[in-house]
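Below: the structure, in structure tokens.
In the numbering used here, the protein residues as written are 65 to 525.
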């Protein structure tokens, strides 16, 4: 059985359905807190930026914890992945991406609550935790915790290092003609300078880069959307029609199936916010906060920003600029002759170029560079924590860092198609035990959420 078939067997439709059902269950049990509690979680996140607490005792501020998680979350999938979902799933895939993000807000919230609830001191004054810790302490199941850690370690060395460095080298080679191996070596050196400082330095760098890269990309996208504002109503109509009646978008009997829109939309939502996979909870566990439920608010905001904002901008740029044609895409898919320029990052770049001209390709390349580099930082930290959990000691950290940086260099020039498939399998094997653990421990997490929310209401003037 090939890696691709194994990945499809794991993800479609069983695991994607489990993501949706878990998010729906938690949303219902919380009274759809992500919607009706919107003022609460916005005040706890954006409203708290002016009074940032210090990350004393080796911990991270809550913003740094979220930025570190977003550093690994907002990656090349936010640009290339969304374009691929639209190409293969049609405009309706965007709607199901939104549904996945809406439900995933509560999955992310509960995940982060549990990460802080069951975290432990790391011996250096800070905190450490994540799914491996709440699986062992909350469920009493170290076997599941080791399985998660082992898969997280594999994903960090594959999808976390090789794939991201390949995206960086490919983007800079296409935009400026820079040598890919040289780019890989420089990327490894810069990554090494950050990760050698541990989670504190990763948090500080992420806190600076992540907001900048998000504002840069969203700002550029808004410029395009303002110039193409007349096409926005039609784009939104395509999304809604494509979600429930995909063939109607093309005005005939031939068209995308609803199953394709659902599959690619949910998959893109999952991969761009990672709610339910569990990796981002590792970063949030290091946050300097006493209230586990309060950190859950940052989990909600993280999903909203990664998928609800960044991915939506990418999708609307593609659909409003006319660079995507459903008939042409379907013909290429059915013939099996899909030109690489028709899908992924080139499709997104073509959308930006309709307004920004030749600068559009450079703009997308620079954004890809920033997204991929920050992903290297976050994934490197996840791998370190997984190895430390498996060995029970931080002594293997140096060896892991050397291996991680070598993978960065190798990935810059290697064919990483098989690595992508292997990373999907590792992500699925992490998500399965994590989602079941979240469901089993959700009564405690939701109780903590209700207590914290009740305390906020009592203290309100």
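Glycine is no exception: its CB is placed at the ideal position from the N, C-alpha and C atoms.
Should residue 352 go down as buried or exposed, given a rule of 16 or more other Cβ atoms within 10 Å for buried?
Burial call: buried.
Would you say the beta carbon of residue 368 comes nearer than 7 Å to a heavy atom of the ligand GTP?
Absence of the ligand GTP is noted for the structure shown, with no ligands found whatsoever.
Which complete alpha helix (DSSP H) runs does the segment 221-297 hold, if anything under 4 residues is left out?
Listed in chain order, they are 227-240, 244-259, 262-291.
Among the residues of its own chain, which have a CB less than 6 Å from the CB of residue 130, if the five just before and after it don't count?
Around residue 130: 362, 366.
Any chance the segment 333-352 sits against the segment 179-197, with 3 or more Cβ pairs inside 8 Å?
They touch, by the three-pair rule.
Are the CB atoms of residue 331 and residue 138 nearer to each other than 8 Å?
No; because the gap between Cβ atoms is not below 8 Å, this pair is not in contact.
My output table needs one value for residue 185: the three-state DSSP class, helix, strand or coil.
Here residue 185 sits in strand by DSSP.
Compare the C-alpha of residue 286 against each of 203, 380, 265 and name the closest.
Nearest C-alpha to residue 286: 380.
Would you mind stating whether residue 273 and residue 438 have Cβ atoms separated by less than 8 Å?
In contact: residue 273 and residue 438 (Cβ atoms closer than 8 Å).
Assign residue 391 to one of two classes, buried (16 or more other C-beta atoms within 10 Å of its C-beta) or exposed (fewer than that).
By the neighbour-count rule (16 or more Cβ atoms within 10 Å), residue 391 is not buried but exposed.
Leaving out five residues on either side along the sequence, give the residues of the same chain with a beta carbon under 7 Å from the beta carbon of residue 280.
Taken in chain order, the residues that qualify are 431.
For a test of the three-state rule: what should DSSP assign to residue 124, helix, strand or coil?
Here residue 124 sits in strand by DSSP.
Check whether the segment 406-418 touches the segment 195-208, taking contact to mean three or more Cβ pairs, one atom from each stretch, closer than 8 Å.
No: the two stretches stay apart, fewer than three of their Cβ pairs being nearer than 8 Å.
Assuming residue 337 is part of the alpha helix (DSSP H), what are its boundary residues?
Where residue 337 is concerned, the enclosing alpha helix (DSSP H) stretches over 322-337.
Helix, strand or coil: which one does DSSP assign to residue 192?
Residue state, collapsed to three classes: strand.
Considering just the uninterrupted stretch of the alpha helix (DSSP H) at residue 82, what are its terminal residues?
80-93 is the span of the alpha helix (DSSP H), which, as asked, contains residue 82.
Might you give, ordered along the chain, the residues of its own chain that have their beta carbon closer than 7 Å to the beta carbon of residue 92, omitting 5 neighbours on each side?
No residues qualify anywhere along the chain.
Which class does residue 209 belong to by DSSP, given the choice of helix, strand or coil?
Note: residue 209 maps to helix in three-state DSSP.
Secondary structure at residue 351, three-state DSSP: helix, strand or coil?
Strand.
Put residue 198 into one of helix, strand or coil per three-state DSSP.
Of the three classes helix, strand and coil, the one that applies to residue 198 here is helix, per DSSP.
For the structure I just gave you, are there three or more beta carbon pairs, one from the segment 229-238 and one from the segment 491-498, closer than 8 Å?
No, because fewer than three Cβ pairs between the segment 229-238 and the segment 491-498 fall closer than 8 Å, the two stretches do not touch.
So, for residue 489: in the same chain, excluding its five sequence neighbours on each side, which residues have a beta-carbon less than 7 Å away from its beta-carbon?
67, 70, 71, 74.
Please confirm whether residue 386 and residue 157 have their CB atoms less than 8 Å apart.
Their beta carbons are not under 8 Å apart, which means residue 386 does not touch residue 157 by this criterion.
Indicate whether the contact test is met: 3 or more Cβ pairs, each with one atom in the segment 471-482 and one in the segment 258-278, closer than 8 Å.
These segments do not touch.
Cα separation between residue 81 and residue 164?
The straight-line gap from Cα to Cα measures roughly 10 Å.
Three or more C-beta pairs under 8 Å: does that hold for the segment 455-463 against the segment 293-308?
Short answer: they don't touch.
Whole angstroms is fine: what's the gap from residue 383's alpha carbon to residue 282's?
Near 16 Å, if we compare the C-alpha coordinates of residue 282 and residue 383.
From residue 443 to residue 124, what does the alpha carbon distance come to, in whole angstroms?
Cα to Cα, the separation comes out at about 17 Å.
Locate the alpha helix (DSSP H) running through residue 103, then write down its first and last residues.
Counting along the chain, the alpha helix (DSSP H) containing residue 103 begins and ends at 102-108.
Would you check if there are 3 or more beta carbon pairs closer than 8 Å linking the segment 461-479 to the segment 189-199?
The segment 461-479 vs the segment 189-199: no contact.
Only counting runs of 3 or more residues, tell me where the beta strand (DSSP E) segments fall wholly within the segment 136-166, in order along the chain.
List check, beta strand (DSSP E) in window: nothing returned.
Taking only the alpha-carbon atoms, compute the straight-line gap between residue 190 and residue 184 and give it to the nearest angstrom.
Looking at the two C-alpha atoms, the distance is approximately 9 Å.
Beta carbon of residue 517, beta carbon of residue 101: below 8 Å?
Yes, Cβ-Cβ distance for residue 517 and residue 101 is below 8 Å.
Which residues in the same chain have their Cβ closer than 6 Å to the Cβ of residue 144, if we skip the five residues on either side of it in sequence?
So the qualifying residues of the chain are 408, 409.
Within its chain, find whatever has a CB closer than 6 Å to the CB of residue 360; leave out the 5 residues flanking it on each side and keep chain order.
Cβ within range, chain order: 173, 176, 177.
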